[in-house]
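**Student:** To start, I am sharing the structure in question, which I have written as structure tokens.
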Amino acid sequence: MKRIITYSFLLLILLSGCEDVYRPDIDVVDNVLVADARISADQRINYIHLYESVAYYDNASTGPAVTDADVRLIDNNGNELKLQHYSQGQYRLAQTLDPNLQYKLKIQYQGEEYESIFEDIPQKPSIDSVYGFEEVEIRQESGDNDVDNVDRSEGIRLYADITPNNENPYCRFTTRFVLQYNYVIDVPGPSGIGMPETVYGWRSSYPQEAFNIAAPPEYSGTKEIKKHALYFLKNKMQYKEEHIFAGWIVILYQHGITESAYNYYDDLNNQLESEGKIFDPLYVQARSNIKCTTDSDQKILGNFEISVNNETRYFLRYISETAGFILREIEELHNIPLSGEQVSVAPAFWQYPYSKKQ
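This note's numbering puts the first residue of the sequence shown at 20, with every later residue one more than the last.
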């Protein structure tokens, strides 16, 4: 409703041709409790992060941490586990969950009580296959119709086929891209003469896009998910002029989630897609599974989520227009630091286009 009022004032000003700038008053509202309550059931250590929302004009990325709440995890047998405050609004869960039980979150804060619904623990997800197609990605940088502000990138978009192995056929994807590159330096030899040596370098990045969620098609009798779009990677990337692109390592995390978590992320995606579009559908309240049980008018932002995760890795390297690209799964899951460089000797995780080293 506030967005309708704001946009109506803007349209009125444009149509009337007024020179005075209208500055509407925005009501000051109390901060709302925010719960970032995502638990990975296959991890022993998890954290639930509580903080307060910030005002519209506040430049802070997150609000003040909530350090004095009572946070409990309750199973469907009535057993309660209290989470101790660890640091900066993070409440620590230091044990794994029983896959045969359901769990709900309960928070007591400033005289109010908040509870989620009971959530199942999904089974471990899997992927049938990952493949790619050469595509051109077009991004409108400024949001207007100026063709000079269009960014065109040639690359490969990865897709996945998924056959869910349980009654919860929903998943969310996150990823880490590791860019490999080489360059040559001179290293002093025994006689003092410089000897050329290859530097093996890598840098990580995390795509900042909408939530990548997958579910079977609506109104279909099958639960198979075909050609689900994953991520787009450019054919070549250079951080410095002397760097030679040596391919991508794609670390793909597949999170098995429940239907309520899928609906929550779907609502958030709809909100992100409608940002800045006056005549698009209005923002909707994300379907959170946490409610205030002591005051129905009291709001809480966030969602309680239990996921089970699966990690797969792939090497992607564009070769040429005629040869196409190489995409293969990486079997050995070495630890890869976020960034680094090594001289002469490639790190253990390094990937080559062909069979020199796997």
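Where is the CB? At the ideal position from N, CA and C, for every residue including glycine.
Small disclaimer: the values here were computed from a predicted structure and weren't measured.
1) Closest by CA to Ala-88, which one among Ala-60, Gly-82 and Tyr-133?
2) Rank Pro-372, Ala-54 and Tyr-333 by C-alpha distance to the C-alpha of Thr-194 and give the top, closest one.
3) Nearest CA to the CA of Arg-57: which residue from Val-269, Ser-307 and Val-364?
4) What do you get for Gly-275, buried or exposed, if any count of 16 or more other CB atoms within 10 angstroms of its CB means buried?
5) Within 10 angstroms of the Cβ of Gly-266, are there 16 or more other Cβ atoms? Answer buried if so, exposed if not.
6) Note the first and the last residue of the continuous beta strand (DSSP E) segment covering Asp-285.
7) Could you tell me if Asn-184 is buried or exposed, where buried requires 16 or more neighbouring beta carbons within 10 angstroms of its beta carbon?
8) Measure the alpha-carbon distance for Val-218 versus Ser-326 and round it to whole angstroms.
9) Short check: CB of Arg-176 to CB of Phe-264, under 8 Å?
10) Which residues in the same chain as Arg-347 place their Cβ atom closer than 6 Å to its Cβ, once the five residues preceding and following it in sequence are excluded?
11) Classify Met-214 as helix, strand or coil using the three-state DSSP reduction.
12) Just to check, is the beta-carbon of Asp-147 closer than 7 Å to a non-hydrogen atom of the ligand ATP?
13) Does Asp-205 pass the burial test, meaning 16 or more other C-beta atoms within 10 Å, or should it be called exposed?
14) Leaving out five residues before and five after Ile-140 in sequence, what residues of the same chain have Cβ atoms less than 7 Å from its Cβ?
15) I need the DSSP call for Glu-154, collapsed to helix, strand or coil.
16) Using alpha carbons as the reference points, say which of Tyr-281, Leu-112, Tyr-122 and Ala-84 lies closest to Arg-63.
17) So, Tyr-178 versus Lys-246, is the Cβ gap smaller than 8 Å?
18) Is it the case that the segment 221-230 contacts the segment 280-290, given that we only count it when at least three CB pairs across the two stretches are under 8 Å?
19) Measuring only the C-alpha atoms, how far is Ala-233 from Lys-143?
20) Could you name the residues of the same chain whose beta carbon sits closer than 7 Å to that of Arg-378, not counting the 5 residues immediately before and after it, in chain order?
21) Would DSSP call Phe-368 helix, strand or coil?
22) Name the DSSP bridge partner or partners of His-68?
23) Let me make sure I understand the geometry here. Which of Ile-319, Ala-84, Ile-136 and Asp-180 has the alpha-carbon closest to that of Ala-280?
24) Answer yes or no: do Ile-319 and Leu-120 have a C-beta to C-beta separation smaller than 8 Å?
25) What does the alpha-carbon distance come out to for the pair Leu-198 and Ile-212?
**Tutor:** On the basis of the supplied data:
1) Residue Tyr-133 is the option with its Cα nearest to Ala-88.
2) Answer by Cα proximity: Tyr-333.
3) Of the listed residues, the one whose Cα sits closest to Arg-57 is Ser-307.
4) By the neighbour-count rule (16 or more Cβ atoms within 10 Å), Gly-275 is buried.
5) Buried, because 16 or more other Cβ atoms sit within 10 Å of the Cβ of Gly-266.
6) Taken as a continuous stretch (DSSP letters only), Asp-285 belongs to no beta strand (DSSP E), being part of the alpha helix (DSSP H) at 278-292.
7) Its Cβ having fewer than 16 others within 10 Å, Asn-184 is exposed.
8) For Val-218 and Ser-326, the gap between their C-alpha atoms comes out near 39 Å.
9) Judged by beta-carbon spacing, Phe-264 lies beyond the 8 Å limit of Arg-176, meaning their Cβ atoms are not closer than that value.
10) If we look at Arg-347 and ignore the five residues flanking it on each side, its Cβ neighbours are Phe-334.
11) Annotated three-state conformation of Met-214 is strand, per DSSP.
12) In the structure on display, the ligand ATP does not appear, and there are no ligands present to speak of.
13) An exposed status is given to Asp-205, since fewer than 16 other beta-carbon atoms sit within 10 Å of its beta-carbon.
14) Excluding sequence neighbours, Ile-140 sits near Ala-60, Leu-116, Pro-118, Ile-325 and Val-327.
15) Reduced to three states, the DSSP call for Glu-154 is strand.
16) Per the Cα distances, Leu-112.
17) Going by beta carbons, Tyr-178 and Lys-246 fall inside the 8 Å limit.
18) Counting Cβ pairs under 8 Å, three or more are found: they touch.
19) Distance from the CA atom of Ala-233 to the CA atom of Lys-143, rounded to whole angstroms, is 15 Å.
20) As shown, the chain starts at 20 and ends at 377. That puts residue 378 outside it, with no answer to give.
21) In the three-state reduction of the DSSP assignment, Phe-368 falls in the coil class.
22) Answer is Asp-55 and Gln-109, bridged to His-68.
23) Of Ile-319, Ala-84, Ile-136 and Asp-180, the residue nearest in Cα terms is Ile-136.
24) Pairing Ile-319 with Leu-120 gives a Cβ-Cβ distance that is not under 8 Å.
25) Answer to the nearest angstrom: the Cα atoms are 32 Å apart.
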